[in-house]
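> The structure under discussion is supplied below as structure tokens; questions concerning it will follow.
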Amino acid sequence: MAYTLENLKKDSSKFIDYCKQCGFCTPVCPVLKVSDYVETYGPRGRLLQIRGLVFNELRPSKGLGSRVYCTLCGFCEVKCIAALKLTDLYIASRDYLTSSGLTPEEIKLVTASINNNNNPYNVDPSIKTMWLDYLPEKPPTKGKVVYWAGCTSAIRGPETSANAYNLIKSLTNSDVAVLDSEPCCGWPLYLAGDVDGYKSQVGKALKVLEGFDVV
Numbered sequence: 003m004a005y006t007l008e009n010l011k012k013d014s015s016k017f018i019d020y021c022k023q024c025g026f027c028t029p030v031c032p033v034l035k036v037s038d039y040v041e042t043y044g045p046r047g048r049l050l051q052i053r054g055l056v057f058n059e060l061r062p063s064k065g066l067g068s069r070v071y072c073t074l075c076g077f078c079e080v081k082c083i084a085a086l087k088l089t090d091l092y093i094a095s096r097d098y099l100t101s102s103g104l105t106p107e108e109i110k111l112v113t114a115s116i117n118n119n120n121n122p123y124n125v126d127p128s129i130k131t132m133w134l135d136y137l138p139e140k141p142p143t144k145g146k147v148v149y150w151a152g153c154t155s156a157i158r159g160p161e162t163s164a165n166a167y168n169l170i171k172s173l174t175n176s177d178v179a180v181l182d183s184e185p186c187c188g189w190p191l192y193l194a195g196d197v198d199g200y201k202s203q204v205g206k207a208l209k210v211l212e213g214f215d216v217v
């Protein structure tokens, strides 16, 4: 179930109450650096905007939506003297804005690609299996152990996927299987705030992994 404003109020209260506005998070934020240090694009400004949303001081908008989409690098959490898990709050805020129809267009493209192409890179699904060409022989599709390549290594680093497969195969006493059709795990959807979409993709992944002992 997508986040409602009440959910966001409940989960954000501890962040709003405990943030000291010290600014230790500000110098380390990479998004702030490329945004000419405009405060609204940094962790402190982002938290204040979420606070405004929670207390009806700001209305949901596309502008606000774009500002809660940072890189989720977590540097702000490392520097936070209150040890706040800020990335959790950002994802919750994204989920609420997604349910309000305010997802940035760039993020919508990623979501559409996962739904249509089974990967977030907007490439033909067949490209996801091209890493198999780097193997000396075609691997089995059934067995006790299965190798999950994932979208990024399979598409962006096919040789890395093949090397990882060969390494795993050398460490196990059984054949290592590869799925006929590996779905996207959905993690980009979670990071984008589409938690329902993420759960749906996880369900698909778990379905195709039934029968394997080790992944």
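Here this note's numbering is used: the first residue of the sequence shown is 3, the next is one more, and so on.
Positions of the beta carbon are idealized from the N, C-alpha and C atoms, including for glycine.
#1: DSSP puts Ala-179 in a beta bridge; with which residues?
#2: So if DSSP puts Val-216 in a beta bridge, which residue, or which two residues, is it bridged to?
#3: To test your reading of the DSSP string, which unbroken beta strand (DSSP E) runs of 3 or more residues are found completely within the stretch 67 to 149?
#4: Which one of Leu-173, Pro-138, Trp-133, Lys-35 has the shortest CA to CA distance from Val-147?
#5: Can you name, in chain order, every residue of its own chain whose Cβ lies under 7 Å from the Cβ of Gly-76, other than the five neighbours on each side?
#6: If you count every other CB in all the chains shown that lies within 10 Å of the CB of Ser-14, and 16 or more means buried, which is it?
#7: To the nearest angstrom, report how far apart Ile-52 and Asp-196 are at their CA atoms.
#8: Which one of Asn-175, Ile-83, Pro-106 has the shortest CA to CA distance from Cys-72?
#9: Can you tell me the Cβ-Cβ gap for Arg-222 and Val-80, rounded? I've got them flagged as a contact below 8 Å.
#10: Should Ile-83 go down as buried or exposed, given a rule of 16 or more other Cβ atoms within 10 Å for buried?
#11: Roughly how many whole angstroms lie between the Cα atoms of Ser-102 and Gly-205?
#12: Would you mind stating whether Gln-203 and Gly-213 have Cβ atoms separated by less than 7 Å?
#13: Give me the residue from Leu-55, Ala-156, Cys-27 with the minimum Cα distance to Ser-95.
On the basis of the supplied data:
#1: One-based indexing of the sequence shown puts residue 179 at position 177. Per DSSP, Val-148.
#2: If you number the sequence shown from 1, residue 216 lands on position 214. Note: Val-216 sits in a beta bridge opposite Val-147.
#3: 147 to 149
#4: Here residue 147 corresponds to residue number 145 of the sequence shown, with the count starting at 1. Val-147 has its Cα closest to that of Leu-173, out of Leu-173, Pro-138, Trp-133, Lys-35.
#5: Within the sequence shown, the letter at position 74 stands for residue 76. Once the five neighbours on either side are set aside, the close Cβ partners of Gly-76 are Thr-89.
#6: For the purposes of this step, residue 14 is identified with residue 12 of the sequence shown, where counting begins at 1. When all chains shown are included, Ser-14 counts as buried.
#7: In the sequence shown, the residue the question calls residue 52 occupies position 50. In the sequence shown, the residue the question calls residue 196 occupies position 194. Whole-angstrom Cα-Cα distance: 18 Å.
#8: If you number the sequence shown from 1, residue 72 lands on position 70. Ranking the options by Cα distance to Cys-72, first place goes to Pro-106.
#9: Past the boundaries of the shown model lies residue 222; the chain is included only from 3 to 217, so the question cannot be answered.
#10: Within the sequence shown, the letter at position 81 stands for residue 83. Ile-83 comes out exposed.
#11: Taking the sequence shown and counting its residues from 1, the one referred to as residue 102 is at position 100. Taking the sequence shown and counting its residues from 1, the one referred to as residue 205 is at position 203. The alpha-carbon atoms of Ser-102 and Gly-205 are separated by roughly 24 Å.
#12: Position 201 of the sequence shown holds residue 203. Position 211 of the sequence shown holds residue 213. Cβ distance not < 7 Å, so Gln-203 and Gly-213 don't count as in contact.
#13: Working through the sequence shown from its first residue, we reach residue 95 at position 93. It is Leu-55.
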